[in-house]
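Asker: Quick note: the sequence shown uses the working numbering, first residue 1200, plus one each step.
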Amino acid sequence: MQPSFIPANLYNSVYLVVVGLIAYLHYLRIKNLSAFSLQKTKLFPKYLILLFTCIVVLFIGTRPLAGAFTDMFAYTDYYLSSQMIDTNNEPGFLLTASLGHLLGLSVEYWFTFIAAIFFGCNLLASYSFDKVNGGLIYLTILVSFLTFAYSTNTIRSGMAHSILLLGISLYLNQKKDKLSVISMACFIFAFSVHKSIALGLVCFFMAYYIVGLRISFQFWFLSIFLSLFVGNQVASFFQGLGFDDRLDKYLVADDFTGFSRTGFRWDFLLYSAIPIILGYYIAIKRGIEDKKYSILLSTYLLANAFWIMVIRAQFSDRFAYLSWFLYPVVLSYPLLKMDIWGKKQGLYAYWILTGHLLFTLVMNFIYY
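1. Alpha carbon to alpha carbon, how far is G1334 from Y1214?
2. Could you check the C-alpha separation between S1426 and F1518 for me, to the nearest Å?
3. Hey, how far is the Cα of Y1549 from the Cα of L1293?
4. Under the assumption that C1144 contacts I1354 (Cβ atoms under 8 angstroms), give the Cβ distance between them as a whole number of angstroms.
5. Could you tell me the alpha carbon to alpha carbon distance between G1441 and M1537, rounded to whole angstroms?
6. In the DSSP assignment, find the unbroken alpha helix (DSSP H) run with D1489 in it and report its ends.
7. Just tell me which of Y1520, L1364 and N1332 has its CA closest to the CA of A1234.
8. Counting along the chain, where does the alpha helix (DSSP H) carrying S1531 start and finish?
9. Taking the alpha-carbon of S1531 as reference, which of G1554, L1468 and Y1520 has the nearest alpha-carbon?
10. So does the segment 1239-1250 actually touch the segment 1217-1229, counting three or more Cβ pairs closer than 8 angstroms?
11. DSSP state of M1508, grouped into three classes?
12. Would a C-beta distance cut-off of 7 angstroms place G1357 and F1317 closer than the cut-off?
13. Does DSSP put K1393 in a helix, in a strand, or in coil?
14. Would you check if there are 3 or more beta carbon pairs closer than 8 angstroms linking the segment 1501-1509 to the segment 1483-1492?
15. Can you check the segment 1225-1264 for any alpha helix (DSSP H) of at least 4 residues that lies completely inside it and give the ranges in chain order?
16. Out of Y1308, Y1520 and Q1544, which one is the CA nearest neighbour of Y1499?
17. Does DSSP classify R1355 as helix, strand or coil?
18. Which residue marks the beginning of the alpha helix (DSSP H) containing A1207, and which one marks its end?
19. Judging by CA-CA distance, which residue of A1472, N1231, F1258 and N1352 is the nearest neighbour of A1504?
20. Hey, how far is the Cα of S1305 from the Cα of L1557?
21. Would you identify the three-state DSSP class for T1311, choosing helix, strand or coil?
22. Buried or exposed for R1189, going by 16 or more other Cβ atoms inside 10 Å?
23. With DSSP run on the structure shown, which of helix, strand or coil describes F1268?
24. Quick one: what's got a C-beta closer than 7 angstroms to W1465's C-beta in the same chain, skipping five residues either side?
25. Nearest to A1265 by CA position, among F1428, N1211 and L1250, is which residue?
26. Who are the near neighbours of C1402 in its chain, counting only those whose CB is closer than 7 angstroms to its CB and skipping five residues on each side?
27. Is it true that the CB of F1328 sits closer than 7 angstroms to the CB of I1336?
28. I need the boundaries of the alpha helix (DSSP H) containing Y1479, first residue and last residue.
29. Would you kindly check if the distance between the Cβ of I1259 and the Cβ of S1343 is under 7 angstroms?
30. Taking the alpha-carbon positions, what's the F1251 to F1424 distance?
31. Closest by CA to V1392, which one among R1262, E1289 and V1217?
32. Might you give, ordered along the chain, the residues of its own chain that have their beta carbon closer than 6 angstroms to the beta carbon of S1325, omitting 5 neighbours on each side?
33. Quick one: what's got a C-beta closer than 7 angstroms to T1456's C-beta in the same chain, skipping five residues either side?
34. Give the C-beta separation of A1359 and I1396 to the nearest angstrom, bearing in mind that I take them to be a contact with Cβ-Cβ under 8 angstroms.
35. By a C-beta neighbour count over all protein chains shown, 10 Å radius and 16 as the cutoff for buried, is C1253 buried or exposed?
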């Protein structure tokens, strides 16, 4: 790895300051727009966001090998290994390493390749959700609480969930009489990279074909009571399923990162509830209908409910991401695509999205 002109411990700060500033400047532009204007006005030229993405990919991909990015040591050893044995039976990630070796990529440029997949899939998914202002959805993803962590440390899960998000966006856009082959390929490849995406994938198909939005809300509220009163038994049940050896380790392992804490995480629950409260207001109280939004919100509710039931796990943040990868989408999609507040839509969208950004800044610069 080549030395970086930015100290490793400042990478997160530099990323959040630059990306946060760009996001805020674009949130300012929507402040005085009506719902109709938001749906029709292109606020972020595609060539600019593509250039911006390339810069972010290079910045993240060429980060130094340092203690601030602890998982990089294991991934570097994995890539440089002559055998590259995939002990988790997940060939998708092994394929990226094999391709990197075939192209003669150094470990630094292999990390850049992984970053390109992560940010590229999020970008494509954003514009698949909103062809006019997908750039704003994308910026909301970039300033989300765990985006930096999952693009620099937990890169296998981050990569897999970005591919899953792309697959979901394409599946929602498919014609009724035609199955999206590309979306199914995304689902299969994402699962081959990191099996933990199975939760989000199963919840998506349940929301798409079986479970309605009202039932999803009821299940989410029920999960809180289950977690409070029988949480340990639920965690033991999931551990006994043998779904994924990493899942078991997250349930019982000690934490050495200083990030996670045991106990019922009311702070994480409150954070998770923000798009749920918004969704309840939009879909239940106001009765505003949008099929794609209902499916996305139901998927988030179901996946987040499973996390709540094991919320006391030491690595609760890693469980949370199994639903939080959808968080910025279910938060920003209705603000940009649905008529909720008419002429004051832009003002409400500005405050909600700015609050989302401020939460990330406070958590990173003050709380932790």
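Glycine included, C-beta positions come from ideal geometry on N, C-alpha and C.
Answerer: The short version:
1. 18 angstroms
2. 14 angstroms
3. 42 angstroms
4. This structure gives no information on residue 1144, because the portion of the chain shown stretches from 1200 to 1567.
5. In this prediction, G1441 has a pLDDT of 44, which is less than 50 and means its spatial position is unreliable; nothing more can be read from the coordinates.
6. Premise fails: D1489 is in no alpha helix (DSSP H) and is neither H nor E.
7. N1332
8. Y1526 to K1536
9. G1554
10. yes
11. coil
12. yes
13. Going by the sequence as given, residue 1393 is His instead of Lys. The answer is coil: DSSP assigns H1393 none of H, G, I, E or B.
14. no
15. 1234-1239 and 1245-1260
16. Y1520
17. helix
18. Taken as a continuous stretch (DSSP letters only), A1207 belongs to no alpha helix (DSSP H), as it is neither H nor E.
19. A1472
20. 37 angstroms
21. helix
22. The structure shown does not extend to residue 1189, since the chain is modelled only from 1200 to 1567, so the question has no answer here.
23. helix
24. none
25. N1211
26. T1498, L1501 and A1502
27. yes
28. Careful: Y1479 lies outside any alpha helix (DSSP H) and carries neither H nor E.
29. no
30. 44 angstroms
31. E1289
32. G1333, I1336 and Y1337
33. With a pLDDT of only 36 at T1456, under the threshold of 50, the placement of this residue in the model should not be trusted, and no figure is reported.
34. 5 angstroms
35. exposed
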